[in-house]
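> Heads up: take any position in the sequence shown, counting from 1, add 1318, and you land on the numbering used here.
Using N, Cα and C, we set each Cβ at its ideal position, and we do this for glycine too.
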Amino acid sequence: YVLRNIIDYILELRVDYQVTQNFEEKVKNQYLLALVTVTKKISETTHIKHYKTLQSQFTLRKESLLKKRITFFYNETNRKKYKLLIIIPAIFLVIALPSIVFQPYTAYKPSKNDQTYGINDLIQHTYIIQTKDGKYYLFDKDSNKKIATIKDIKKEPYNKIKVKKE
């Protein structure tokens, strides 16, 4: 939103500058007078003193865009010339930066406490207990804690794990 307002502001000033670049001082004044007249007509017809599209959000002040455009003409020594070569990369950066995600890399080796096993780890570090009522439970060999309930013992990798009867 703010970027759009900044671009609108810069484009307004650039268009004004290009339109009046070869004008004489008298014609420039007539152009500015026409801008003021149009703004006044819009304000009268909408019954709003400060019409929303005539204000700039470039600075955080509610300063009239028309006032800035007129000041831009008369402060020729303070005028900044925005070069296309600088504006385009700046706009590209503002648009491109949110699409780049930086993720820190950490070498992480899961511990046994994580209870995350590969197939080989599962075979080496676990066993299955078959209860009298036909249920199967996966246990950790080191801590003898129940890890999970197994519904189908015939599926891999459970069919490779040692089964103990209760």
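What is the residue span of the alpha helix (DSSP H) that D1439 lies within?
The residue you call residue 1439 lines up with position 121 of the sequence shown. Looking at the DSSP string, the run of the alpha helix (DSSP H) that includes D1439 is 1437 to 1443.
> Keeping to the same chain, check which residues put their C-beta closer than 8 Å to that of F1341; ignore five residues upstream and five downstream.
On the sequence shown, residue 1341 is found 23 positions in, with the first residue counted as 1. Correct list, in chain order: Y1349.
> Please state the DSSP three-state secondary structure of F1341.
Taking the first residue of the sequence shown as 1, we reach residue 1341 at position 23. Note: F1341 maps to coil in three-state DSSP.
> Tell me D1334's beta-bridge partners as DSSP assigns them.
To locate residue 1334, count along the sequence shown from 1; it is residue 16. The partner list for D1334 (beta bridge, DSSP) is empty, contrary to what the question assumes.
> Since Y1455 and I1446 are thought to touch, with beta carbons under 8 Å apart, how far apart are those beta carbons, to the nearest angstrom?
By 1-based counting over the sequence shown, the position of residue 1455 is 137. By 1-based counting over the sequence shown, the position of residue 1446 is 128. Rounded, the Cβ-Cβ distance is 7 Å, consistent with contact.
> In terms of DSSP beta bridges, what is A1466 paired with?
Residue 1466 sits at position 148 when you count from the first residue of the sequence shown. L1456, per the DSSP bridge assignment.
> Starting from K1386, trace the alpha helix (DSSP H) in both directions and tell me its first and last residue.
On the sequence shown, residue 1386 is found 68 positions in, with the first residue counted as 1. Taken as a continuous stretch (DSSP letters only), the alpha helix (DSSP H) holding K1386 covers 1383 to 1392.
> Do you know whose CA, among L1411, T1357, K1344, lies nearest F1391's CA?
Taking the sequence shown and counting its residues from 1, one reaches residue 1391 at position 73. Among L1411, T1357, K1344, the Cα nearest to that of F1391 is on K1344.
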